[in-house]
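Participant: So that we are looking at the same thing, I have put the structure below in C-alpha cells.
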Amino acid sequence: MSTNYTITDLLPLPNSSVKIPRLGFGVYRSSPAQCTKSCLKALEVGYRHLDTAQFYANEQEVGDAIRASGLPRSEIFVTTKILAPAGSPEATYNKLVASVDSIGGKDGYVDLFLIHSSSSGSSGRKDLWQALERLLEAGRTKSIGVSNFGAKHIEEMKAYAKIWPPHVNQIELHPWCQQRGIDAYCKKNGIIVEAYSPIVRNYKANDPTLVELANKYQKTTQKILIRYALQKGWVPLPKTDHPERIVANADVF
C-alpha cells in the first residue's frame, strides 16, 4: 500500500479537458431525507465527487447539499444517470434537462451524465447517447458516458456516435467481480472505469483473506477494498449513510 494518492487527485477524461476526482461518493438507496446530510458530511471530510441518478430519486437532495456546503460549484464533480428513453428524442432530452435543473438549477450543469444501463436495446441506447451528445453541446454537462455497458455495446456506438469513446464506463467492480474483459477493453480505449459497490455492501466483511489483510495493515476491511480499487486504476464510489464510515472511507490515502 505504498503508492501515494490524495483525495484531491484528478484523472483526465479521454478527449476532454475535464478531470474527474479519483474517489467518489455514491448515494444509491440513500433516502431523500438522509441524502443531503450524507453528501454534506462527505463534502466536509474532503470528497469532491458525488454520484447520483434519476433512478435513485435523490438528485434534488444532492443539489441541495452542494448549495448548502458553501463550496464553489467548480470544486465539486457531480454525476447523474438516465435509465431509459422517454418515448421520443425531445422527451428524452427534456428528461436529461430536468435532472440537470434538479441538481444545479436552470443555469446549472452536471460534470458527467451517464446512460445507466445497456438494457434499452440498440435503438434505445442510440437515442440516449444522441440526447446526451445534445446536452453536451448545450453546455449542460461537461462529459458523457455509460454504465453497465459491455465491449459490444461500446463498439456498437461507433456507428452513430459523434463523441467516442464514452468518457466513462461505470460498472460493478471488487475482488469478487473483477470483470477483467471489459476493464481491459476500457483501459485500451482510454475510457475511465468507475467502480460501484467497491466495498460489496459489506457482504464480504468477514472474508478470511480480507480480514487477514485488514489485520496486516491495521485498516478496516472497507478501506482495504477501496484501496484495492484505487490501485487497480478504477474510480471507486463507496456508499454509506453512517457519518463515521463516511469519514473512515475517505481516509485511504
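The sequence shown begins at 1 in full-length UniProt numbering and counts up by one. Here a beta-carbon is modelled for each residue, glycine too, at the ideal position from N, C-alpha and C. Fair warning: this is a prediction, and the values are worked out from it, not measured in the lab.
(1) Consult DSSP for residue 69 and reduce its assignment to one of helix, strand or coil.
(2) Tell me whether the beta-carbon of residue 58 lies closer than 7 angstroms to the beta-carbon of residue 102.
(3) In chain order, what residues of the same chain lie with their CB nearer than 7 angstroms to the CB of residue 1, ignoring the 5 residues before and after it?
(4) Find out if the Cβ-Cβ distance for the pair residue 219, residue 210 is shorter than 7 angstroms.
(5) Decide if residue 174 is buried, meaning its Cβ has at least 16 other Cβ atoms within 10 Å, or exposed.
(6) Within the stretch 129-155, note down every full beta strand (DSSP E) run reaching 3 residues or more, in order along the chain.
(7) Which stretch, first to last residue, makes up the beta strand (DSSP E) that contains residue 50?
(8) Hey, could you find the ends of the alpha helix (DSSP H) residue 13 is sitting in?
(9) Given a threshold of 16 other Cβ atoms within 10 Å of its Cβ, counted over all protein chains shown, does residue 177 qualify as buried or as exposed?
(10) Which residues mark the beginning and the end of the beta strand (DSSP E) in which residue 81 is found?
(11) In whole angstroms, what separates the C-alpha of residue 151 from that of residue 242?
(12) For the beta strand (DSSP E) containing residue 114, name the first residue and the last one.
(13) If you run the structure through DSSP and keep just helix, strand and coil, what is residue 158?
(14) Could you say which of 140, 67, 171 and 54 lies nearest to residue 43 if we only look at CA atoms?
(15) What does a CB cutoff of less than 6 angstroms around residue 195 pick up in its chain, not counting 5 residues either side in sequence?
(16) Quick check: what's the CA-CA separation for residue 106 versus residue 215?
Facilitator: Let me spell this out:
(1) helix
(2) no
(3) For residue 1, the predicted model reports a pLDDT of 46, less than 50, meaning its position is unreliable and no value from the coordinates is stated.
(4) no
(5) Buried.
(6) Here the runs fully enclosed are 144-147.
(7) 49-51
(8) Counting along the chain, residue 13 falls outside any alpha helix (DSSP H), and DSSP gives it neither H nor E.
(9) Residue 177 is exposed by the Cβ-count criterion.
(10) 77-82
(11) 36 angstroms
(12) 112-115
(13) Per DSSP, reduced to three states, the secondary structure at residue 158 is helical.
(14) Closest option to residue 43, judged by alpha-carbon separation, among 140, 67, 171 and 54: 67.
(15) These residues qualify, in order along the chain: 173, 229, 234 and 236.
(16) 50 angstroms
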